[in-house]
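Please read the structure below before turning to the comments.
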Amino acid sequence: MATRPYLRPRGGSTYLCSFPHQQHHAIHTSPPLSKNSISIVHPVHHRIRYKKNQLQPAYKDILNTPKWDPRSHLFKPQYTQQSRVEEHYNTTVVPDLLLANFVHNEAVIPGRKRQEWDGSSPYHINRPRRSPAGSAVETPDIKPRMFNNVPGLNAIWVHTFVRDAVKVNQERTLPTMVLMQQITGKKPRPVYSKSTVMSWRLRKNMMVGAKVKIEGPDMYQFFATLVEIVLPRIKDFKGIENTSGDMFGNISFGLEPADVKLFPEVEGNPELWPNIAGLHITLVTSAQTDPEARTMLSALGLPFVGKERLHNVPSFEALEAIDRKKGIVYSY
Numbered sequence: 015m016a017t018r019p020y021l022r023p024r025g026g027s028t029y030l031c032s033f034p035h036q037q038h039h040a041i042h043t044s045p046p047l048s049k050n051s052i053s054i055v056h057p058v059h060h061r062i063r064y065k066k067n068q069l070q071p072a073y074k075d076i077l078n079t080p081k082w083d084p085r086s087h088l089f090k091p092q093y094t095q096q097s098r099v100e101e102h103y104n105t106t107v108v109p110d111l112l113l114a115n116f117v118h119n120e121a122v123i124p125g126r127k128r129q130e131w132d133g134s135s136p137y138h139i140n141r142p143r144r145s146p147a148g149s150a151v152e153t154p155d156i157k158p159r160m161f162n163n164v165p166g167l168n169a170i171w172v173h174t175f176v177r178d179a180v181k182v183n184q185e186r187t188l189p190t191m192v193l194m195q196q197i198t199g200k201k202p203r204p205v206y207s208k209s210t211v212m213s214w215r216l217r218k219n220m221m222v223g224a225k226v227k228i229e230g231p232d233m234y235q236f237f238a239t240l241v242e243i244v245l246p247r248i249k250d251f252k253g254i255e256n257t258s259g260d261m262f263g264n265i266s267f268g269l270e271p272a273d274v275k276l277f278p279e280v281e282g283n284p285e286l287w288p289n290i291a292g293l294h295i296t297l298v299t300s301a302q303t304d305p306e307a308r309t310m311l312s313a314l315g316l317p318f319v320g321k322e323r324l325h326n327v328p329s330f331e332a333l334e335a336i337d338r339k340k341g342i343v344y345s346y
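Okay, here's the thing in structure tokens:
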């Protein structure tokens, strides 16, 4: 009795035949039909249209309910618990920052702007304005500190660069993206290279990393995990340098691969994450200056060390000179 030939479907199909007249074609390997891989393209969600005239009266009422109603089919529960960090910011940090930063009769302090040429040379005509003194870009004006512009935490950007994606394979970025989604609770987006560098084996439009923006409750949850669990367990961590900042109120720092392993989502299942890359974290705040941003973040539990560096921050003598022009004289 002839046995049934073994057939392996799909990619790399191999056929083993046991029929006598086909022994010379015993093994045959065909080219792969399709390559199995993980798709990183965001899924396209299509809206489902309901024929309301064919539904029961009970379902017609459900379709007419707003999204915030729990009876609606579009309802998404979000705020299931109270954020302790957000509550601490609203009840304690905001009043303290308003008291510490408020200045009576404070005027708008102009930022560093591009300067016009003096016209001493005929070549100055139609020439672009000069860069600001001491800065490559313009800085915004510093408005008076009021109750409506108290510094706060707006968003957190988490970015990573996977070195093996350039040296080995671009798909090495996919486990890192899953790791970032596990830590932040948000789906990251891939980062592609913008240029070609032959010495690095880097080609244009190669997937070399990932980034994700965290806002809302997930932002406060990630910040609390970072400040209370991850950073205190780093042995050689003393704090973030006081020189960090981009003069616009944004603070950035980095985490080594060994530091990323301290997240509870990673530490609980270390065998699932064999290759871990470092993270670049940027805290986007609404502060007008870097010292105000560092003060606000330190009040939330983020430590800073080192000598303070001031950018576009007026001194007490400058504020006193502005008040003197207005006719306000202080007696000491």
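Residue numbers (the numbering used here): 15 to 346. Note that CB positions come from ideal geometry on N, CA and C, so glycine has one too. Model, not experiment: these values are computed from the prediction.
Note that the C-beta distance between M261 and L167 is not below 8 Å. If you draw a straight line from the Cα of A150 to the Cα of R126, it comes to about 10 Å. With 16 or more other Cβ atoms inside 10 Å of its own Cβ, T198 counts as buried. Across the set G230, V176, L316, the C-alpha of G230 shows the shortest separation from the C-alpha of Q95. Only residues of its own chain outside the window of five on either side were considered, and among them V180, S207 have a CB closer than 6 Å to the CB of L216, listed in chain order. The straight-line gap separating the alpha-carbon atoms of T210 and S145 is approximately 30 Å. In its chain, beyond the 5 residues on either side, R126 have a beta carbon closer than 8 Å to the beta carbon of G148. With 16 or more other Cβ atoms from the protein chains shown falling within 10 Å of its own Cβ, R308 counts as buried. Annotation for A121: no beta strand (DSSP E) segment contains it, and DSSP assigns it neither H nor E. CA-CA distance, F236 to P80, rounds to 30 Å. As the crow flies, the alpha-carbon of Q129 is around 6 Å from that of R143.
Looking at the backbone, the Cα of E270 and that of N115 are separated by about 35 Å.
Look at the beta carbons and you see the segment 181 to 192 not touching the segment 243 to 259: under three pairs across the two are nearer than 8 Å. The three-state secondary structure of I197, taken from DSSP, is helix.
In this structure, the CA atom of I156 is about 23 Å from the CA atom of Y103.
Bounds of the alpha helix (DSSP H) holding H102 are 98 to 102.
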